[in-house]
Every structure is written in C-alpha cells, then in structure tokens.
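Undergrad:
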Amino acid sequence: MKNTNINSNFSCLVELLRSRSSEQPNKKVFTFLGDGEIESASMTYNQLDLKARAIAARLQLTLAPGERALLLYPPGLEFIAAFYGCLYAGVIAVPAYPPRKNQTYSRLEAIILDAQATVALTTKSQLADIESQLASLPKLAKLQCFATDDIEGDNALGWQQLNLRGDSLAFLQYTSGSTGTPKGVMVSHGNLLHNSELIRKYFGNTSNSKGVIWLPPYHDMGLIGGVLQPIYSNFSVVLMSPVSFVQKPLRWLEAISRYQATTSGAPDFAYDLVCRKVTPQQLENIDLSSWEVAFTGAEPVRHQTLVNFASTFANFGFQSKTFYPCYGMAETTLIVSGGLKSEAPVVKFCQGAALEQNRVLLVDENHKGARGIIGVGTSKDQKVLVVNPESRTRCLDNHVGEIWVSGLSIAAGYWQKPELTKETFNAFLADSKEGPFLRTGDLGFLDNGELFITGRIKDVIIIRGRNHYPQDIEVTVEQSHPALRAGAGAAFSVEVNSQEKLVVVQEVERAYLRNLKGDEVIKAIRSSISEQHELQVYAVVLLKTASIPKTSSGKIQRHACRTGFLNASLDALDAWKLNPQQDLLQLHSNLDSLLEQIQFSTLHGFKEPAIEEINQDNHFDDSPTREAITTWLISHLAMLLELSSDEIDIHEPFAAYGLDSSVAVNITFELGQWLGCELEPTLFW
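Structure below.
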C-alpha cells in the first residue's frame with residue numbers, strides 16, 4: 002500500500018485532533034460570529050475532541066464503520082463537531098446544503114439515494130422541519146434523523162476507538178454534482194493529510210497564523226481550507242455565515258481588521274462584491290495590514306477584480322502581493338497549485354480571439370481584445386501536465402490543453418461509479434503510457450512551470466463560486482412553460498463586465514409558433530430558474546423549431562449555441578436581455594416619493610438607505626405603513642435586479658423577477674435595517 006501520510010506522526014485526522022487535544026487542550030481553535038459581528042460560540046481542542054467522541058459513541062450504536070451519514074447543519078460550530086464525530090466513528094460523512102424552507106428536495110434526494118445514507122444529523126432547531134420534509138418523500142421515509150447538539154459529553158465514555166489508516170474513507174464531497182447524476186468524490190484521511198500539508202506549505206501557515214473564513218463548510222474550500230487547515234497547522238480561525246457576508250460584505254473586512262487575520266480568502270465574486278458594496282465612509286477604522294494571504298479560487302480569477310480590490314483598499318493596508326491565486330477542485334481534495342506568498346500574482350495578456358481557439362498569443366495589455374490571464378502558481382509534490390485531449394499527448398509550453406494531475410491528494414474516484422471513475426481518474430498518456438492522471442476537464446497552459454487557466458472542456462457553469470450543471474438548468478427551462486420543446490435547449494455562460502452570466506437559448510414547440518406570447522414564456526423561464534437554482538438570468542433567446550445547433554447524433558452543441566448568441570446568428574423568434582442603462586433612466590422618474598422618506602448612500606451606482614439618519618429623523622411614529630413598505634420593496638427590487646420599477650408587480654412572487662440568492666439575502670437585510678428589525682435571511686424565498 003502507498004504511504005499516503007505526508008506527516009508520519011499521524012495516520013488519520015482523528016489521531017491529529019487527539020494529539021492537539023492532549024497537548025493544548027485549552028487552545029481556542031474556532032470562534033463563531035453569530036451575526037457576522039458578535040462572538041456567539043467558541044471551541045477549544047478539548048471541547049471539540051469531547052463533543053466528537055460523544056457524537057461518535059451515539060453513531061456507533063446505530064451505524065457500522067463505512068456507512069454514510071448526511072450532515073444538514075445551519076452555519077455554526079455544530080457542523081464541525083458532527084463532521085469529526087463521523088470521523089471518530091469511522092462513519093463516512095456526507096456534507097450537504099441545509100434545505101431552505103419551501104425549497105425543492107430533488108438535489109438532496111439524489112445525493113441521499115446515491116450515497117445510500119441511512120442517518121441524517123442536524124440541530125434541534127432544524128430537526129422537526131427536516132423530518133417533516135423528508136417524510137413527504139417516499140424514497141427517504143426510512144432515513145433516521147437526530148440532533149447532535151443535545152448529546153451530552155458523558156456519552157464520550159462509550160466511544161470505541163477504531164484503527165483508521167490513510168486509505169480509510171473520510172467523507173464524500175457532493176458539492177459539484179449534477180442533480181440528475183450526483184457525483185460523490187471519495188476523499189480519504191490520507192488525501193486530507195497530504196492536501197493539508199500542501200496548503201500549509203503554500204500559504205506559509207504557522208501556529209501564529211490567524212484566519213477569518215465565511216465560506217460554507219459544505220464546500221471543499223470552506224471545509225478543508227477553513228475547518229481542517231487550522232487544526233492541521235495549529236492556529237485559530239474566526240468563522241461567520243456566508244449569509245452574514247452577503248448581507249453586509251463589510252463584515253468580512255471588519256473581522257480581518259478586528260482579529261488581525263493573516264489568512265482569508267474567497268472566490269473572485271466576493272472581492273468584486275466588496276468593492277461595489279463598501280463605501281469609503283465605512284472603512285474609516287479598517288486595518289488590513291495584517292493580511293498576508295488573500296487566496297482566491299473556486300472560479301476564474303479575473304485580473305480586473307484584483308486590480309480594483311488592490312486599488313480600493315491600498316490606503317487601508319492591503320498590498321497587491323497579498324493576493325494568492327490558486328487552483329484546485331474536489332477531485333484533488335482541494336488545492337493543486339499556488340504561487341509564491343512573497344510575490345505578486347503573475348499575469349499574461351493574451352489575444353481573446355486566439356484563446357477561443359485554444360491558442361496562446363501574447364499581446365500588450367492595451368491591445369484590443371486582450372485578456373488578462375492570472376497565473377495560479379506551480380504545483381508542489383504533485384505532477385501537473387497540459388495534454389491534448391484528443392491525442393492524449395503532452396502539449397508544449399504556451400499551448401492550450403486539458404490539465405491532468407497526479408499525486409497523493411487525488412481522490413479515489415466517484416462513489417459507486419466505476420466507469421466514470423475509470424474515465425476521469427485513470428487517464429494515461431498515449432505515447433509514454435505514463436499515468437494514471439486525473440482529467441480535470443479544465444483548459445490551460447504552462448509557462449515556465451506557472452499554470453494558467455483559460456477555460457473548460459466540461460460544460461459546468463460557475464457563478465458566485467458555485468457550480469451549476471447546464472443539464473439541470475435545461476430541464477428546469479423546458480418544464481417551465483408548455484410552449485417549450487423538451488430536449489431542445491441550452492444553458493451556458495458568457496462574460497459580461499468581468500462577471501460570468503447565465504444565458505438560455507430554447508426552442509419553441511411548433512404548435513405555439515403562430516401565437517407565441519414571448520414575454521410570458523421568458524418570464525416563466527426566469528422565474529423557474531430563480532426558484533430552482535437561485536440564479537438570475539442575463540439573457541433568454543427563444544428559437545424556431547428544429548433550429549438549435551446539434552451534433553449528427555442529436556446532442557445539443559452548447560459551445561455552438563454560445564457562439565451563435567455572441568454573434569447574433571441564432572434563428573430567434575424572441576429574445577430578452579438585461580438593459581441596465583435603459584432601465585436606470587426609467588427608474589429615476591419613479592423615485593421621488595422614496596427619496597422624500599430616506600437618505601441615500603452609494604450602492605452599485607444606485608442607492609441604499611442610511612438607517613441611522615432614518616431613525617433619528619423619526620420618519621415613522623410606530624411602524625412604516627404598508628404603502629411605504631410597498632414603495633420601498635418595488636424600488637429596491639428594481640435597483641438590485643436592474644429593472645425599471647414599472648416592471649415590478651407587487652402581487653407576483655419575487656422569484657418571477659429572476660431573483661438570485663445573493664440579491665434575495667441582500668434585499669432582506671436592507672429591508673430589516675430600514676424597518677429596524679431582524680428578518681429571516683431566506684424571507685423572500
């Protein structure tokens with residue numbers, strides 16, 4: 002058997018935590034900011050070890066080692082205790098998004114059935130809702146649910162220690178799987194130890210490091226980078242809910258400043274969001290000079306985002322060399338490559354048209370159509386190749402190909418999917434027979450060992466750091482209105498102002514061609530995508546029957562659809578696209594009554610209420626009237642969705658306007674501030 006332990010002192014994560022608890026029992030490793038600002042809970046090594054043993058003892062009464070347990074937790078420290086409880090019991094953890102009220106369970110049901118989980122763990126506050134929802138799904142009727150936050154520490158005495166090894170399976174990572182065909186990446190203790198050591202080396206983490214993390218622990222970046230890495234490198238981390246960040250991005254910077262964090266990071270969209278949402282007045286007491294590693298990954302790292310963030314926060318102690326672009330995925334446990342901590346990110350300017358043809362043509366930054374491609378570093382202790390996906394032979398430097406990776410962080414494969422595992426995890430070079438390699442499905446090139454990501458072979462759409470599979474969105478679209486043909490649509494993304502946006506093209510049934518109500522159909526598409534996927538659509542194109550690009554075997558050609566959309570060559574019946582400039586002009590004429598009630602500060606080029614001044618001026622004697630709230634909702638929904646207020650019908654469900662999750666959370670928070678009360682973040686759903 003291979004030696005899968007980067008640190009010979011530990012064969013598994015259980016031994017690591019037990020060692021930390023024995024040597025530093027009272028060291029506080031986790032602090033949770035319940036509202037993103039105030040400390041609501043903390044946990045020492047000893048407390049985590051005790052709680053994990055207690056949960057493990059309870060699990061060992063129900064499950065045998067190797068069985069699967071679903072983890073459904075709201076943000077907080079209970080998830081961490083439950084995850085380690087599974088490890089201590091030898092039970093394979095299956096982290097998943099906690100279901101939202103009124104949300105479809107189709108994705109969660111697919112994960113549970115694929116993993117064959119028999120137990121779901123959660124908190125007392127969530128238990129009743131989850132049990133009632135699962136009871137309505139016949140296939141999940143036998144799933145046993147119980148809360149872990151009421152398990153007493155005395156239960157730890159019943160824990161039976163297991164002989165776990167590096168190749169023992171720790172958890173299944175389902176965050177990137179399609180609803181129709183969920184894929185559980187099998188991550189072992191050895192994978193986690195090896196990747197944790199890589200992260201420690203890349204980031205230069207020590208016991209003196211300090212972290213701030215708001216990333217969800219159901220994702221590999223939040224779990225391995227935000228929860229496991231602090232324990233591995235023996236430093237403390239401050240955690241907050243992703244919702245707390247989206248509600249008020251300033252909280253992220255405030256926490257870094259307050260706790261003098263050295264390590265923190267997020268996908269590209271978060272840095273962009275902070276730039277757009279935070280005002281100079283809010284930054285008066287912010288100090289980012291302690292920030293040493295601002296890692297960015299999980300979606301394309303955009304040059305303009307780094308430039309904007311560095312210039313915006315230069316006067317508050319942030320240095321451009323603090324940015325740490327990196328590359329990885331669930332199949333590689335987490336990180337594959339990263340740069341030098343002491344140096345600024347590497348950027349190459351390439352001709353955009355050439356990149357579309359998978360060619361690297363370096364140009365000047367000011368060249369028309371130049372794209373700034375950020376390097377994501379080199380690989381330590383793992384092998385990274387760029388391979389021609391057709392010939393399966395190595396590409397020369399500065400030639401685009403598929404990225405292949407081998408090393409001890411590569412997971413064992415996909416749960417219960419031997420054929421897909423063989424195809425993805427066991428690739429060999431055609432000429433030298435070297436392998437096996439993981440085929441990442443990502444496109445890129447190497448330049449003096451530096452890796453640059455240019456695109457994807459696979460069709461996954463990444464928006465706000467989350468993966469969305471086009472086939473899932475396409476099914477949602479075709480079911481949204483009877484005028485739409487089944488199996489005749491395509492979902493893909495385009496880049497607009499350095500942001501990835503969703504586009505849908507869809508054929509119409511022949512019987513509806515003569516009397517097509519395009520506005521009605523397009524509205525149904527946007528509403529359904531918002532409800533099912535929490536995404537806002539950038540554009541919709543309705544196509545004539547039998548006109549969508551297909552292969553000779555009848556498969557939809559998404560890349561050809563994207564090209565046709567960009568050059569306006571599709572055979573369109575009707576089309577819709579966001580038009581912020583036109584809508585903004587229409588909006589200003591409708592804000593008079595709102596401007597009389599609330600004063601504004603800058604937001605997205607629009608405005609948001611200055612709450613303190615509202616309260617001081619006492620615009621409302623007791624509470625705002627229904628009419629005032631209605632006016633506020635219409636105007637703010639129009640602002641955030643870049644629509645005219647004339648297009649907002651207060652009687653329609655919010656999802657009808659293509660609301661995405663970040664907009665929903667943000668507008669709920671702003672409404673709560675305006676009303677002077679706290680509202681449930683998922684209110685608009």
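Mind the numbering: the sequence shown is residues 2 to 686 in the numbering used here, read in order. Don't be surprised by glycine CBs; every beta carbon is placed ideally from N, CA and C. All figures in this text were calculated on a predicted structure; none of them were measured in a lab.
1) Use the C-beta contact count for L514: other C-beta atoms within 10 angstroms, 16 or more gives buried, fewer gives exposed.
2) When we look at the beta-carbon of R235 and count the other beta-carbons within 10 Å, is it buried (16 or more) or exposed?
3) When you compare the region 488-508 with the region 545-565, are there three or more beta-carbon pairs, one atom per stretch, that lie closer than 8 Å?
4) Comparing C-alpha positions only, which one of E332, P139 and L274 sits nearest to F426?
5) In chain order, what residues of the same chain have a beta carbon less than 8 Å from the beta carbon of F11, not counting five sequence neighbours either side?
6) Starting from the C-beta of S481, find all residues in its chain whose C-beta is less than 6 Å away, skip the five residues before and the five after it, and write them out in chain order.
7) Could you tell me which uninterrupted beta strand (DSSP E) segments, each at least 3 residues in length, are contained entirely in the region 342-413, listed from first to last along the chain?
8) Do you know offhand how far G266's Cα is from V509's?
9) Where does G167 land, buried or exposed, given buried means 16+ other C-beta within 10 angstroms?
10) Which first and last residues belong to the beta strand (DSSP E) in which A70 is found?
11) Please report the distance separating the alpha-carbon of E501 from that of E521.
12) Report yes or no: do the region 372-391 and the region 445-460 share at least 3 C-beta pairs separated by less than 8 Å?
13) For the beta strand (DSSP E) that S494 lies in, which residues bound it at each end?
14) Report the rounded CA-to-CA distance for L224 versus M187, giving the unit in angstroms.
15) Would you report the Cα separation of N359 and D382, rounded to the nearest angstrom?
16) Terminal residues of the continuous beta strand (DSSP E) containing H469?
17) Report yes if the CB atom of A94 is closer than 8 Å to the CB atom of L72, and no otherwise.
18) Would the region 347-355 and the region 202-213 be scored as touching if the rule is three or more Cβ pairs under 8 Å?
19) If you check the beta carbons only, do Q61 and Y106 fall under 8 Å apart?
20) Exposed or buried, T263, counting other C-beta atoms within 10 Å across all chains shown (16 or more means buried)?
21) Within 10 Å of its beta-carbon, does I39 have 16 or more other beta-carbons around it, so buried, or fewer, so exposed?
22) Should L240 go down as buried or exposed, given a rule of 16 or more other Cβ atoms within 10 Å for buried?
23) Report buried or exposed for L14, applying the criterion of at least 16 other Cβ atoms within 10 angstroms of its Cβ.
24) Determine, using beta-carbon pairs with one atom in the region 384-401 and one in the region 78-95, whether at least three such pairs fall under 8 Å.
25) For K184, count neighbouring Cβ atoms within 10 angstroms of its own Cβ and tell me buried if that reaches 16, exposed if not.
26) With V538 and A576 assumed to form a contact (beta carbons below 8 Å), what rounded beta-carbon distance in angstroms separates them?
27) With burial defined as no fewer than 16 other Cβ atoms inside 10 Å of the residue's Cβ, what is the status of F429: buried or exposed?
28) Between the region 40-56 and the region 252-260, do three or more beta carbon pairs fall short of 8 Å?
29) How about L122 and A83: are their beta carbons less than 8 Å apart?
30) Tell me the rounded alpha-carbon separation between A116 and Q145.
31) Hey, how far is the Cα of I287 from the Cα of D460?
32) Tell me which residue opens and which closes the alpha helix (DSSP H) that Q1 is part of.
33) Near E300, what residues of its chain come up, given a Cβ to Cβ distance below 6 Å and the 5 sequence neighbours on each side ignored?
34) Take V406 as the anchor and find which of H368, V337 and E24 has the nearest alpha-carbon.
35) Please classify T669: is it buried, with 16 or more other beta-carbons within 10 angstroms of its beta-carbon, or exposed?
36) When the Cα atoms are used, what is the spatial distance from K278 to R252?
TA: Answer, in terms of the structure:
1) Exposed is the call here.
2) It should be noted that the sequence gives Asn, not Arg, for residue 235. By the 10 Å Cβ count, N235 comes out buried.
3) Taking 8 Å as the limit for Cβ pairs, the verdict is that the region 545-565 does touch the region 488-508.
4) Checked all of E332, P139 and L274; the closest Cα to F426 is E332.
5) Only L17, S20 and L194 meet the Cβ criterion.
6) In the same chain as S481, and ignoring 5 residues on each side of it, the C-beta atoms closer than 6 Å to its own belong to A525, I526 and S529, in chain order.
7) Entirely contained in the region 342-413, the beta strand (DSSP E) runs reaching 3 residues are, in chain order, 348-352, 371-375, 384-388 and 402-407.
8) The alpha-carbon atoms of G266 and V509 are separated by roughly 44 Å.
9) Around the beta carbon of G167, 16 or more other beta carbons sit within 10 angstroms, so the residue counts as buried.
10) A70 -> beta strand (DSSP E) spans R69 to L72.
11) E501 and E521 have their C-alpha atoms roughly 26 Å apart.
12) Yes: the two stretches touch, three or more of their Cβ pairs being nearer than 8 Å.
13) Here the beta strand (DSSP E) through S494 covers L485 to V497.
14) Straight-line Cα distance between these residues: approximately 15 Å.
15) So the alpha carbons of these two residues sit roughly 28 Å apart.
16) Boundaries of the beta strand (DSSP E) harbouring H469: R467 to H469, taken from the DSSP string.
17) Against a cut-off of 8 Å, the Cβ pair of L72 and A94 comes out as a contact.
18) Taking 8 Å as the limit for Cβ pairs, the verdict is that the region 202-213 does not touch the region 347-355.
19) No, these two residues do not count as a Cβ contact at 8 Å.
20) Burial check for T263: the Cβ neighbour count within 10 Å reaches 16 or more, so the residue is buried.
21) Exposed, by the Cβ-count rule.
22) The C-beta of L240 has 16 or more other C-beta atoms within 10 Å across all chains shown, which makes the residue buried.
23) With 16 or more other Cβ atoms from the protein chains shown falling within 10 Å of its own Cβ, L14 counts as buried.
24) The region 78-95 and the region 384-401 do not touch, with fewer than three beta-carbon pairs separated by less than 8 Å.
25) With 16 or more other Cβ atoms within 10 Å, it is buried.
26) Distance from V538 to A576 at the Cβ level is roughly 12 Å; contact not present, criterion being Cβ atoms closer than 8 Å.
27) Of the residues assessed, F429 falls on the exposed side of the cut-off, its CB having fewer than 16 other CB atoms within 10 angstroms.
28) No: the two stretches stay apart, fewer than three of their Cβ pairs being nearer than 8 Å.
29) With respect to A83, L122 sits close: the two C-beta atoms are nearer than 8 Å.
30) Straight across, the Cα-Cα distance linking A116 with Q145 is about 14 Å.
31) Each residue's CA atom was taken as its position, placing I287 and D460 some 40 Å apart.
32) The structure shown does not extend to residue 1, since the chain is modelled only from 2 to 686, so the question has no answer here.
33) Only P268, D269, I463 and G466 meet the Cβ criterion.
34) Distances from the alpha-carbon of V406 to those of H368, V337 and E24 put V337 closest.
35) Classification for T669: buried.
36) Spanning the two alpha carbons is a distance of roughly 11 Å.
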